[in-house]
Amino acid sequence: MERTEMIGQLYGQINEDDRLLKTRQGQLEYRITMNYIHKYLKDGDHVLEIGAGTGRYSIALAREGFHVTAIELVDSNLDILKNNAAGLPGIEAFQGDALDLSRFPDHSFDLTLLFGPMYHLYEKADQFKAIDEAIRVTKPGGVIMAAFLSAHAIICTNYLYDWRPAIYGIKENFDSEYNVRHFKEQLFTGFDICEFEALFEDKEVDHITTAAADNVLEIAQKRADFSMTDEDFEAFADYQLHICEKREMLGNSSHLIYICKKL
Numbered sequence: 051m052e053r054t055e056m057i058g059q060l061y062g063q064i065n066e067d068d069r070l071l072k073t074r075q076g077q078l079e080y081r082i083t084m085n086y087i088h089k090y091l092k093d094g095d096h097v098l099e100i101g102a103g104t105g106r107y108s109i110a111l112a113r114e115g116f117h118v119t120a121i122e123l124v125d126s127n128l129d130i131l132k133n134n135a136a137g138l139p140g141i142e143a144f145q146g147d148a149l150d151l152s153r154f155p156d157h158s159f160d161l162t163l164l165f166g167p168m169y170h171l172y173e174k175a176d177q178f179k180a181i182d183e184a185i186r187v188t189k190p191g192g193v194i195m196a197a198f199l200s201a202h203a204i205i206c207t208n209y210l211y212d213w214r215p216a217i218y219g220i221k222e223n224f225d226s227e228y229n230v231r232h233f234k235e236q237l238f239t240g241f242d243i244c245e246f247e248a249l250f251e252d253k254e255v256d257h258i259t260t261a262a263a264d265n266v267l268e269i270a271q272k273r274a275d276f277s278m279t280d281e282d283f284e285a286f287a288d289y290q291l292h293i294c295e296k297r298e299m300l301g302n303s304s305h306l307i308y309i310c311k312k313l
């Protein structure tokens with residue numbers, strides 16, 4: 051099965067529109083990510099979101115008055131995005147692939163969000179292509195934010211605490227030297243932190259930071275007795291905002307953000 055068909059089938063079975071709203075993990079991921087977006091946005095900026103899903107970030111930014119262009123691969127997600135954005139000025143949405151942004155000229159956007167595609171790119175050449183395209187369409191001095199998954203957190207969330215033995219997950223996700231393996235049958239592929247950062251080496255960018263978006267909440271909320279009041283969540287979110295760039299915390303987080311500036 052082709053990558054695009056496989057991803058379309060996957061998201062046809064997932065309620066992506068609710069993911070960032072209805073769980074504490076999703077709420078924290080959204081809070082941390084929006085914190086960084088606002089840190090680098092300026093009035094009048096043009097934003098490109100590649101892999102916009104159902105538009106949670108794109109629509110929120112358009113409502114704040116920014117000019118937003120959203121690109122989404124999956125037709126069902128794009129339909130929801132367009133429906134949710136109906137009548138909202140300042141946003142346009144297109145079907146497209148992170149590997150081909152040829153509809154946009156060089157140096158078009160002040161902030162480029164590569165949110166989602168790196169979860170589903172299994173070949174190194176495709177990973178480089180998506181990164182190169184994101185950099186190409188960003189203005190010099192503009193910021194690129196790329197979301198990715200931790201392969202080490204996947205072992206905890208999908209194997210130690212979920213439905214399969216840890217030994218299976220280790221053999222599936224790592225080779226004998228514990229280098230991360232990438233293949234499409236994973237559906238969601240993770241990275242070692244240094245491995246992902248190395249994808250941007252020799253590119254025309256300066257690394258700003260790498261931040262953890264959701265800490266250990268994805269595995270914590272799998273417990274049947276998990277509960278977090280609004281007060282507890284606000285306290286934990288404030289804690290996460292203050293420690294999310296600590297190197298020792300990164301691998302624990304399921305979702306991470308790599309942030310760089312185009313030279």
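Residue numbers (the numbering used here): 51 to 313. From the three backbone atoms N, C-alpha and C, an ideal C-beta is built for every residue, glycine too.
Those residues which DSSP pairs with residue i across a bridge
| i | result |
| --- | --- |
| Lys-312 | Val-255 |
| Glu-122 | Gln-145 |
| Leu-171 | The partner list for Leu-171 (beta bridge, DSSP) is empty, contrary to what the question assumes. |
| Leu-306 | Phe-198 and Ala-262 |
| Phe-224 | Val-230 |
Nearest neighbour of residue i, chosen from the options [CA to CA]
| i | options | result |
| --- | --- | --- |
| Thr-207 | Ala-197, Phe-250 and Gln-271 | Gln-271 |
| Ile-307 | Leu-128, Asp-129, Gly-219 and Pro-167 | Pro-167 |
| Ser-108 | Gly-191, Lys-92 and Ala-135 | Ala-135 |
| Leu-164 | Arg-53, His-117, Asp-147 and Leu-267 | Asp-147 |
| His-117 | Leu-91, Glu-235, Leu-237 and Glu-183 | Leu-91 |
| Gln-177 | Lys-132, Lys-253 and Ile-220 | Lys-253 |
| Lys-312 | Asp-288, Gly-191, Arg-297 and Phe-154 | Gly-191 |
| Glu-251 | Ile-220, Ile-181 and Gly-301 | Ile-181 |
| Met-299 | Asn-85, Tyr-209 and Val-266 | Val-266 |
| Glu-13 | Pro-155, His-202 and Ala-112 | The structure shown does not extend to residue 13, since the chain is modelled only from 51 through 313, so no value can be given for it. |
| Ser-158 | Gly-140, Ile-141 and Lys-189 | Lys-189 |
Residue i, enclosing beta strand (DSSP E) - first and last residue
| i | result |
| --- | --- |
| Ile-141 | 141–145 |
| Ala-180 | Here Ala-180 belongs to no beta strand (DSSP E); instead the alpha helix (DSSP H) covers 174–186. |
| Leu-163 | 159–164 |
Beta-carbon gap between residue i and residue j smaller than 8 Å
| i | j | result |
| --- | --- | --- |
| Gly-103 | Asn-127 | yes |
| Gly-101 | Leu-123 | yes |
| Gly-137 | Ser-200 | no |
| Cys-294 | Asp-256 | no |
| Asp-160 | Asp-95 | yes |
| Tyr-33 | Lys-234 | Missing from the structure shown is residue 33; the chain here goes from 51 to 313 and no further. |
Endpoints, alpha helix (DSSP H) assigned at residue i
| i | result |
| --- | --- |
| Phe-283 | 280–293 |
| His-96 | No alpha helix (DSSP H) holds His-96; the beta strand (DSSP E) holding it covers 96–100. |
Could you tell me whether the region 294–306 touches the region 257–273, where touching means 3 or more Cβ pairs closer than 8 Å? Touching, yes, given that three or more Cβ pairs across the two stretches are closer than 8 Å.
At a cut of 8 Å, does the region 237–257 reach the region 186–202 through at least three beta carbon pairs? yes
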